[in-house]
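S.K.: Protein sequence lines, in the order shown, are assigned to chains A, B, C, D, E, F, G and H. Count the first sequence with full-length UniProt numbering and you get residues 1 to 159, in order. Count the second sequence with full-length UniProt numbering and you get residues 1 to 159, in order. Count the third sequence with full-length UniProt numbering and you get residues 1 to 159, in order. Count the fourth sequence with full-length UniProt numbering and you get residues 1 to 159, in order. Count the fifth sequence with full-length UniProt numbering and you get residues 1 to 159, in order. Count the sixth sequence with full-length UniProt numbering and you get residues 1 to 159, in order. Count the seventh sequence with full-length UniProt numbering and you get residues 1 to 159, in order. Count the eighth sequence with full-length UniProt numbering and you get residues 1 to 159, in order. Backbone N, C-alpha and C define an ideal beta-carbon position, used for all residues, glycine too. Structure provided below as structure tokens; questions to follow.
8 protein chains.
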Amino acid sequence: MAKFKLDEVDHQILDMLIENTRTPFTDIAKKLLISAGTVHVRVKKMEEAGIIEGSSLTLDYRKLGYSFIAYVGIYLQNTSQTKFVLQRINEIPYVTVAHITTGKFNIFCKVRAKDTNHAKEIIFMLDDIDGVYRTETMISLEESINDKKRLMHSIFQDM
Amino acid sequence: MAKFKLDEVDHQILDMLIENTRTPFTDIAKKLLISAGTVHVRVKKMEEAGIIEGSSLTLDYRKLGYSFIAYVGIYLQNTSQTKFVLQRINEIPYVTVAHITTGKFNIFCKVRAKDTNHAKEIIFMLDDIDGVYRTETMISLEESINDKKRLMHSIFQDM
Amino acid sequence: MAKFKLDEVDHQILDMLIENTRTPFTDIAKKLLISAGTVHVRVKKMEEAGIIEGSSLTLDYRKLGYSFIAYVGIYLQNTSQTKFVLQRINEIPYVTVAHITTGKFNIFCKVRAKDTNHAKEIIFMLDDIDGVYRTETMISLEESINDKKRLMHSIFQDM
Amino acid sequence: MAKFKLDEVDHQILDMLIENTRTPFTDIAKKLLISAGTVHVRVKKMEEAGIIEGSSLTLDYRKLGYSFIAYVGIYLQNTSQTKFVLQRINEIPYVTVAHITTGKFNIFCKVRAKDTNHAKEIIFMLDDIDGVYRTETMISLEESINDKKRLMHSIFQDM
Amino acid sequence: MAKFKLDEVDHQILDMLIENTRTPFTDIAKKLLISAGTVHVRVKKMEEAGIIEGSSLTLDYRKLGYSFIAYVGIYLQNTSQTKFVLQRINEIPYVTVAHITTGKFNIFCKVRAKDTNHAKEIIFMLDDIDGVYRTETMISLEESINDKKRLMHSIFQDM
Amino acid sequence: MAKFKLDEVDHQILDMLIENTRTPFTDIAKKLLISAGTVHVRVKKMEEAGIIEGSSLTLDYRKLGYSFIAYVGIYLQNTSQTKFVLQRINEIPYVTVAHITTGKFNIFCKVRAKDTNHAKEIIFMLDDIDGVYRTETMISLEESINDKKRLMHSIFQDM
Amino acid sequence: MAKFKLDEVDHQILDMLIENTRTPFTDIAKKLLISAGTVHVRVKKMEEAGIIEGSSLTLDYRKLGYSFIAYVGIYLQNTSQTKFVLQRINEIPYVTVAHITTGKFNIFCKVRAKDTNHAKEIIFMLDDIDGVYRTETMISLEESINDKKRLMHSIFQDM
Amino acid sequence: MAKFKLDEVDHQILDMLIENTRTPFTDIAKKLLISAGTVHVRVKKMEEAGIIEGSSLTLDYRKLGYSFIAYVGIYLQNTSQTKFVLQRINEIPYVTVAHITTGKFNIFCKVRAKDTNHAKEIIFMLDDIDGVYRTETMISLEESINDKKRLMHSIFQDM
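What follows is the structure, given as structure tokens:
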């Protein structure tokens, strides 16, 4: 898992794109005193190296009617079913994150739902997947932090 | 918590931006057979309404040397300390998500670290915050799903 | 789930009926300086809107020989059996409350029994329902509060 | 705890009042082929014996904006604080039931709230009571049964 | 479950027999200033009423090579098997006590063994009973109190 | 912990006394074809060696009004308090057995009480001992086995 | 389980070999003022008595690429499978220690792996053994003590 | 954490020493068709690189009177005390292994004791360390596998 070498310029480009992925390359170029072509080449290289996998919008889910967040721990009957169960979980769009974990759960998911009733339906979908033995749910009363930008800046400053 | 009304056009714009936040507005306009100005106005309105909060890059953390993910449950001595503890947690960039939760934990965090040793240091930082009584850690063996796009598309299709 | 609009008069009628469901409408009318007919119409409307679902006696169960209260958490083999199990639970009159819950239990019940031995029989009835995997019981040593009136008054004062 | 002796007539009166506390005594009298005065005397006696403690409305809380139910287990620092803590809990109208229990919790409560956010506030109120060491919350996804009438009929049939 | 009425004389007889079951009836008679025949009659009556079920020696198990005590919680696959499993447990002489319990276990046993290895064999015997799903063991590091006499004296003093 | 050597005769004497501690020595002598004096000497020797610690009655607690059995697990604030806490527990006659244990509890007790309310009082006594941090209670629904005789016979047959 | 009698000379020989198993017998002999032949005879006797079972290198696993340590608790479907499961576990070289245990696990293992991903593979191997019902993993953040020498010295000093 | 490069010869030397640390270098040399001096140089280099940290005897603890093994999980009051507590644990020779762990325990230890009573004393020593909040013990009924050699061979074969 050899790390791709990012230099100071890559780092500054990422630092700006993290804040706003739509920042025009010409603005980045002006700020860093390099050509827009260089910015373009650098971003392309980071995309090809798989460091930049894409970009996404940050939406306010509550304003879209999705104010309910739950974490669901899943127990499997047998871990040989892990891959299959994850494929089935992947068909449920309300599951935004899923991990294979140590500890008491085999799989651990983050679920976004409209309300209590919708959450119940989603939990039932998970419970009904073949190979799922039981689920345990923990409900979020408030999403206090959801911010990858601090980590990203911190990673680039460490390098 | 009245929902902002999104019409079919908004929905199609969001559907395209979700896939690639850098899609030029002229491309969106061409595809939807509307003017680029309309796209601009619609996006602006959704930003002002707080539906679009921003955009962010999706980076491959493993390629950046961060291959270790842990979920840390935090027990507080007293919930009157919740706000203060969250402020202190917010100073640790390796905590990318934090929730106030029901169930046995008071606060539940997602942590990204370089390796076991780095995770230990971060867990110790959390443990050393005043008001934190104990922590319990669950380690991710594999991040199998991390994808908000399926949810976003699903939300817009429901509307 | 649009809320039915209750006005100040409705609120005052409910406030009196909550304390004593048998309060004659003429007494309510006199107190509120309205006609008994108005009281009648208002109550009827609240019944039709489903806000008032009925009325019930508050009995002293201990005096009737039922001094034992237990909460029983039920684990199902599979949540697809939830509806069926709830129907079977519904045939046991000693179960006065049952919820589908998050957390470690699938269904959570309140049970009233005569004594330890009677409780054992009821728990065994629950355990013997097809689809019930295990139960866990928590016994009440004292029912310190059982009072919906404070909540009802509080709801009407908030409105 | 000597039980008050209810005879067949008391039993039939209770059976009718349980279904509708507002049933006129004349209706009951007609059905049981006794005088309305007898009904009146019997009910009075059962009230004086403390068997009938009162009556209450059954309201649809969801229609009143209270669709969120949670069970909260409370750990005390020391059980000598039980009485004091129960008094403080009694000041929170959203707690409709509270028990002193065996098992891991010292006190176990039922809470009705408007939504997730309101539940959070109520849980924080409980957490902030002096002597409360920690709380653990289990959320109801559906109140499937809430019916004392089956029990009451069953009690009277057993007698 | 009507209680047999014990009078002061019964109480004093029991108080003496509890300390030493072999106390001659003549000694008891002398002390209580009654005839030995009366003692005999009273004891007989208490035996016939089932209050005195028998007598047993108190042996020092450690001196007999049994220094290991464990409590074993048993989970059943289904409580309909309770009776059958108890019959099978009853065939294992090392299980001196067994209860049907509330809480997480279905049956809870006390086991006396020679040493760790012997305990392992007994636990395996329990685990191998049909209908036993799992067991959980808690080991005694010291039997600090094992004394029913204080309770018996207390019961007779209360009466 | 050298074991006292019991021979075949001792074994047969114990086997008879276990069944009925009041069996006259002359009866034992006749059955074993030895002199009553020999029985006397042997029993004395076993008492002096501490193998026989005494004898006790087996009473039917339910008939004496004590039908409630609970197991209470005690958590200490610090194990240096173990001795002191055990002394305080020893003052509560309703605690018939107490062990220092491995696993989650520090001390594990068996409690006999009259009923739920009495059990609550006893649990509160335990909770109020200095150094007791928390207690957890498991209630017996039925004492299915309570029999040391099978073990005793088994021990003597093994020797 | 009669203990082999070690005398002072055996003790001193072991004390030196524990520190360095390759210490030449002539060095030991010189230090203890005995002949090398005596050292040889004593070591041979302790090997034949099974006290010395062998010797092993202490390697730095991190330097060999094995920096990940986990403890894995295994639940069996039935303890009659214990022997078979242990044979299968024995085929996985990454499991360096395995115990049959009391408490919630049936078997408890220590696992050494290269990294998180390798640990996942090993845990999956364990999970896939027939008769293994579930596993629970606890990850070591630091191996702070791993030293049998202190115990060995202590044992010989006690003797 | 760059790995020291071991070649085929190093690997074969280690493979032989793992089986018997006292194997004379001349025997190893003969088998590998190299000079004894080369073996010496290679071992020295691996020692200097820290790969070989030393060697130790494998003793049969049961034959030395230590037949009791327990795993003890330790909860700290605050992780800032971790280092101090580990120093204190290090003074107890009966603790042969100690880890800082994720999950519910802060520190997890392996203890070897003579018997139940000795184990109790050691657990009390751990409980009495300042900063130790509670301990939880799991007892080994059988050490079924304790063998690093399989791992070591496996590591060298992988290289």
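Report yes or no: do the stretch 107-125 of chain C and the stretch 83-96 of chain C share at least 3 C-beta pairs separated by less than 8 Å?
M.R.: At 8 Å Cβ cutoff, the stretches touch.
S.K.: Taking just the CA atoms, how far does Lys-120 of chain F sit from Ile-123 of chain B?
M.R.: Residue numbering aside, residue 123 of chain B sits at position 123 when the second sequence is read from its first letter. Residue numbering aside, residue 120 of chain F sits at position 120 when the sixth sequence is read from its first letter. Cα to Cα, the separation comes out at about 40 Å.
S.K.: Distance check for Gly-73 of chain C and Gly-103 of chain C, CA to CA, integer angstroms please.
M.R.: Within the third sequence, the letter at position 103 stands for residue 103 of chain C. Within the third sequence, the letter at position 73 stands for residue 73 of chain C. So the two alpha carbons sit approximately 10 Å from each other.
S.K.: Please compile the residues from chain H whose C-beta is within a distance smaller than 7 Å of the C-beta of Phe-124 of chain B.
M.R.: For the purposes of this step, residue 124 of chain B is taken as the residue at position 124 of the second sequence. Correct list: Thr-79.
S.K.: Can you pull the chain D residues whose beta carbon is under 7 Å from the beta carbon of Asp-10 of chain C, in chain order?
M.R.: Locating residue 10 of chain C in the third sequence gives position 10, counting from the first residue. Within 7 Å Cβ-Cβ: nothing; Asp-10 of chain C doesn't reach chain D, min ~11 Å.
S.K.: What are the start and end residues of each continuous alpha helix (DSSP H) run of 4 or more residues lying completely inside the stretch 36-114 of chain H, in chain order?
M.R.: Those alpha helix (DSSP H) runs which fall completely within the stretch 36-114 of chain H and span 4+ residues are 36-48 and 82-90.
S.K.: Which two residues bound the contiguous alpha helix (DSSP H) that contains Asn-117 of chain C?
M.R.: As a working note, residue 117 of chain C is residue 117 in the third sequence. That run of the alpha helix (DSSP H) goes 116-127.
S.K.: Output the boundary residues of the beta strand (DSSP E) element that contains Leu-141 of chain H.
M.R.: Taking the eighth sequence and counting its residues from 1, the one referred to as residue 141 of chain H is at position 141. Here the beta strand (DSSP E) through Leu-141 of chain H covers 132-146.
S.K.: By the criterion of Cβ-Cβ separation under 9 Å, what are the contact partners of Glu-19 of chain E in chain G?
M.R.: Within the fifth sequence, the letter at position 19 stands for residue 19 of chain E. The contacting residues do not exist; Glu-19 of chain E stays about 37 Å from chain G at best.
S.K.: Where Val-53 of chain G and Pro-93 of chain B are concerned, what is the direct C-alpha to C-alpha distance, given to the nearest angstrom?
M.R.: For the purposes of this step, residue 53 of chain G is taken as the residue at position 53 of the seventh sequence. For the purposes of this step, residue 93 of chain B is taken as the residue at position 93 of the second sequence. Position check: residue 53 of chain G holds Glu in this sequence, whereas Val was assumed. Those two C-alpha atoms are separated by around 51 Å.
S.K.: Alpha carbon to alpha carbon, how far is Leu-59 of chain G from Lys-45 of chain H? Give it in angstroms, no decimals.
M.R.: To locate residue 45 of chain H, count along the eighth sequence from 1; it is residue 45. To locate residue 59 of chain G, count along the seventh sequence from 1; it is residue 59. Looking at the two C-alpha atoms, the distance is approximately 13 Å.
S.K.: Check the Cβ-Cβ distances between Lys-120 of chain F and every residue of chain C, and say whether any is below 7 Å.
M.R.: Along the sixth sequence, one-based indexing puts residue 120 of chain F at 120. Yes, Lys-120 of chain F counts as interfacial toward chain C.
S.K.: Have a look at Leu-126 of chain C and Thr-135 of chain C and give me their C-alpha separation to the nearest angstrom.
M.R.: In the third sequence, counting from the first residue as 1, residue 126 of chain C sits at position 126. In the third sequence, counting from the first residue as 1, residue 135 of chain C sits at position 135. Rounded to the nearest angstrom, the two C-alpha atoms are 8 Å apart.
S.K.: Roughly how many angstroms separate the alpha carbons of Gly-50 of chain B and Gln-77 of chain C, rounded to a whole number?
M.R.: For the purposes of this step, residue 50 of chain B is taken as the residue at position 50 of the second sequence. For the purposes of this step, residue 77 of chain C is taken as the residue at position 77 of the third sequence. Whole-angstrom Cα-Cα distance: 44 Å.
S.K.: Okay, do the stretch 4-23 of chain D and the stretch 145-154 of chain C touch, 3+ Cβ pairs below 8 Å being the bar?
M.R.: Too few Cβ pairs lie closer than 8 Å, so no.
S.K.: At 7 Å on the CB atoms, spell out the chain B contacts of Thr-23 of chain G, in chain order.
M.R.: In the seventh sequence, counting from the first residue as 1, residue 23 of chain G sits at position 23. What Thr-23 of chain G touches in chain B: nothing, since even the nearest Cβ is about 35 Å away.
S.K.: Output yes if chain C places a C-beta closer than 7 Å to the C-beta of Asn-117 of chain D; else output no.
M.R.: Mapped onto the fourth sequence, residue 117 of chain D falls at position 117. Taking Cβ atoms only, chain C never reaches closer than 7 Å to Asn-117 of chain D, which makes this a no.
S.K.: Under 7 Å Cβ-Cβ, which residues of chain E neighbour Gly-103 of chain G?
M.R.: If you number the seventh sequence from 1, residue 103 of chain G lands on position 103. The answer, in chain order, is Glu-136 and Thr-137.
S.K.: Can you give me the start and stop residues for the alpha helix (DSSP H) that Thr-26 of chain E sits inside?
M.R.: As a working mapping, residue 26 of chain E is identified with position 26 in the fifth sequence. Note, Thr-26 of chain E: alpha helix (DSSP H), 25-32.
S.K.: Sort C:Thr-101, C:Ile-129, C:Asp-115 and C:Glu-143 by Cα distance to Asn-117 of chain A and report the nearest one.
M.R.: Sequence index remark: in the first sequence, residue 117 of chain A carries index 117 (1-based). Nearest of C:Thr-101, C:Ile-129, C:Asp-115 and C:Glu-143 to Asn-117 of chain A, Cα basis: C:Thr-101.
S.K.: Can you tell me the Cβ-Cβ gap for Val-97 of chain B and Ile-145 of chain A, rounded? I've got them flagged as a contact below 8 Å.
M.R.: Looking up residue 97 of chain B in the second sequence gives position 97. Looking up residue 145 of chain A in the first sequence gives position 145. Right, their Cβ atoms sit about 6 Å apart.
S.K.: Under the assumption that Ala-113 of chain A contacts Tyr-75 of chain A (Cβ atoms under 8 Å), give the Cβ distance between them as a whole number of angstroms.
M.R.: Counting from 1 along the first sequence, the entry for residue 113 of chain A is found at position 113. Counting from 1 along the first sequence, the entry for residue 75 of chain A is found at position 75. Contact flag wrong, Cβ pair sits at about 21 Å.
S.K.: Using a Cβ-Cβ distance under 7 Å, would Asp-128 of chain G count as near chain A?
M.R.: Here residue 128 of chain G refers to the residue found at position 128 when the seventh sequence is read from its first residue. Yes, because at least one Cβ of chain A sits closer than 7 Å to the Cβ of Asp-128 of chain G.
S.K.: How about Ala-70 of chain G and Val-111 of chain G: do their beta carbons lie closer than 7 Å?
M.R.: Position 70 of the seventh sequence, counted from the start, is the residue given in the question as residue 70 of chain G. Position 111 of the seventh sequence, counted from the start, is the residue given in the question as residue 111 of chain G. Against a cut-off of 7 Å, the Cβ pair of Val-111 of chain G and Ala-70 of chain G comes out as a contact.
S.K.: Please identify the residue among G:Tyr-61, G:Asp-130 and G:His-40 whose C-alpha is closest to the C-alpha of Pro-24 of chain G.
M.R.: Along the seventh sequence, one-based indexing puts residue 24 of chain G at 24. The shortest Cα separation from Pro-24 of chain G among G:Tyr-61, G:Asp-130 and G:His-40 belongs to G:His-40.
S.K.: Keeping to the same chain, check which residues put their C-beta closer than 7 Å to that of Asp-15 of chain F; ignore five residues upstream and five downstream.
M.R.: The residue given as residue 15 of chain F occupies position 15 in the sixth sequence. His-153 and Phe-156, listed in sequence order.
S.K.: Here's the rule: buried if 16 or more other CB atoms are within 10 angstroms of the residue's CB, otherwise exposed. What is Ser-80 of chain B?
M.R.: Here residue 80 of chain B refers to the residue found at position 80 when the second sequence is read from its first residue. That one is exposed.
S.K.: Measuring CB to CB, does His-11 of chain D end up less than 7 Å from Ser-140 of chain C?
M.R.: Within the fourth sequence, numbered from 1, the residue matching residue 11 of chain D stands at position 11. Within the third sequence, numbered from 1, the residue matching residue 140 of chain C stands at position 140. Cβ distance not < 7 Å, so His-11 of chain D and Ser-140 of chain C don't count as in contact.
S.K.: DSSP three-state label for Leu-14 of chain D, please.
M.R.: If you number the fourth sequence from 1, residue 14 of chain D lands on position 14. DSSP places Leu-14 of chain D in helix when its eight states are reduced to three.
S.K.: If we define contact as Cβ-Cβ less than 7 Å, is Asp-7 of chain A a contact residue for chain B?
M.R.: Counting from 1 along the first sequence, the entry for residue 7 of chain A is found at position 7. False, the Cβ-Cβ gap to chain B never drops below 7 Å.
S.K.: Below 8 Å between beta carbons is the criterion; list the residues of the stretch 47-69 of chain C that meet it against any residue of chain A, in chain order.
M.R.: Listed by position along the chain: nothing, the set is empty.
S.K.: What's the gap between the Cα of Arg-42 of chain A and the Cα of Ser-56 of chain A?
M.R.: Reading the first sequence from its first residue, position 42 is the one you call residue 42 of chain A. Reading the first sequence from its first residue, position 56 is the one you call residue 56 of chain A. Going by the C-alpha atoms only, they are around 20 Å apart.
S.K.: When you check each C-beta in the stretch 83-100 of chain F against every C-beta of chain H, which residues fall closer than 8 Å?
M.R.: Within the stretch 83-100 of chain F, the qualifying residues are Ile-100.
S.K.: Quick test of your reading: Phe-68 of chain D and Asp-128 of chain D, contact by CB under 8 Å. State the CB separation rounded to the nearest angstrom.
M.R.: On the fourth sequence, position 68 is the one that residue 68 of chain D refers to. On the fourth sequence, position 128 is the one that residue 128 of chain D refers to. That belief does not hold up - the Cβ atoms of Phe-68 of chain D and Asp-128 of chain D are roughly 20 Å apart, past 8 Å.
S.K.: Under a CB-based cut-off of 7 Å, is Leu-141 of chain E close to chain H?
M.R.: In the fifth sequence, residue 141 of chain E corresponds to position 141, counting from 1. Cβ-Cβ to chain H under 7 Å: yes for Leu-141 of chain E.
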